[in-house]
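S.K.: Just passing along the structure, written as structure tokens.
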Amino acid sequence: ALYDSVDKVAGLAQFLLSDSALFKTPSNPAKCADTAIPLLLEQMISVGAKPIRLKAKIAGGSQLFSFERSMTSVGEKNICAVRNVLAVLRIPITGEEVGGSVGRTMKLFVQHGKVVISTVGSEEREI
Numbered sequence: 002a003l004y005d006s007v008d009k010v011a012g013l014a015q016f017l018l019s020d021s022a023l024f025k026t027p028s029n030p031a032k033c034a035d036t037a038i039p040l041l042l043e044q045m046i047s048v049g050a051k052p053i054r055l056k057a058k059i060a061g062g063s064q065l066f067s068f069e070r071s072m073t074s075v076g077e078k079n080i081c082a083v084r085n086v087l088a089v090l091r092i093p094i095t096g097e098e099v100g101g102s103v104g105r106t107m108k109l110f111v112q113h114g115k116v117v118i119s120t121v122g123s124e125e126r127e128i
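First residue of the sequence shown: 2, per my numbering; consecutive thereafter.
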């Protein structure tokens, strides 16, 4: 989630993979972290967000399936990619809930920038 608290502009990106270079011809820039986050930023700027005011809260990167041959999980790669892209864009991460082995639901409340995470069997919590 990205949020500009002054202009109340917010956005979410949900993607599958970390790196669009995995595809010969990337057909959907929203599919990978390295292209989805800049696309989201561009769209937020187009409706008034100021990059200098943006803050990020991140969630996800769970290992929901086990693959014996995989050294690094897709979730771990996605977490690293998100952190790297946000660092390059100079957007600070102010909250996170990442990794683990459970799926998450994220709610973003635009009026105040609150982000709430829920998982099966747990109470909602703010990050």
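Even for Gly, the Cβ is constructed at its ideal location relative to N, Cα and C.
Please go through the region 8 to 96 and give each complete beta strand (DSSP E) segment of 3 or more residues, from N-terminal end onward.
M.R.: 10 to 12, 55 to 61, all fully within the region 8 to 96.
S.K.: Please classify Ala-6 as buried or exposed, where buried requires at least 16 other C-beta atoms within 10 Å of its C-beta.
M.R.: Here residue 6 turns out to be Ser, not Ala, going by the sequence shown. It is exposed - the Cβ of Ser-6 has fewer than 16 other Cβ atoms within 10 Å.
S.K.: Give me whichever residues DSSP pairs with Ile-118 in a beta bridge.
M.R.: In the DSSP output, where bridge partners are listed per residue, Ile-118 has Met-107, Arg-126.
S.K.: Within 10 Å of its beta-carbon, does Asp-8 have 16 or more other beta-carbons around it, so buried, or fewer, so exposed?
M.R.: So Asp-8 counts as exposed.
S.K.: Kindly give me the distance between the Cβ atoms of Ala-57 and Leu-87, rounded to whole angstroms, as I take these residues to be in contact under 8 Å.
M.R.: With 8 Å as the limit, Ala-57 and Leu-87 qualify as a contact, their Cβ atoms being about 5 Å apart.
S.K.: Return the residue from the list Arg-54, Gly-96, Glu-98 that minimises the CA-CA distance to Leu-90.
M.R.: The shortest Cα separation from Leu-90 among Arg-54, Gly-96, Glu-98 belongs to Arg-54.
S.K.: Taking the alpha carbon of Ala-11 as the point to measure from, which residue in Asn-85, Lys-78, Lys-115, Glu-124 has its own alpha carbon closest?
M.R.: The shortest C-alpha separation from Ala-11 is found at Lys-115.
S.K.: Who are the Cβ neighbours of Tyr-4 in its own chain at under 6 Å, not counting the five residues just before and after it?
M.R.: Cβ neighbours of Tyr-4 beyond the five flanking positions: Ala-11, Lys-56, Gly-114.
S.K.: Straight-line CA distance for Val-48 to Val-111?
M.R.: Answer to the nearest angstrom: the Cα atoms are 14 Å apart.
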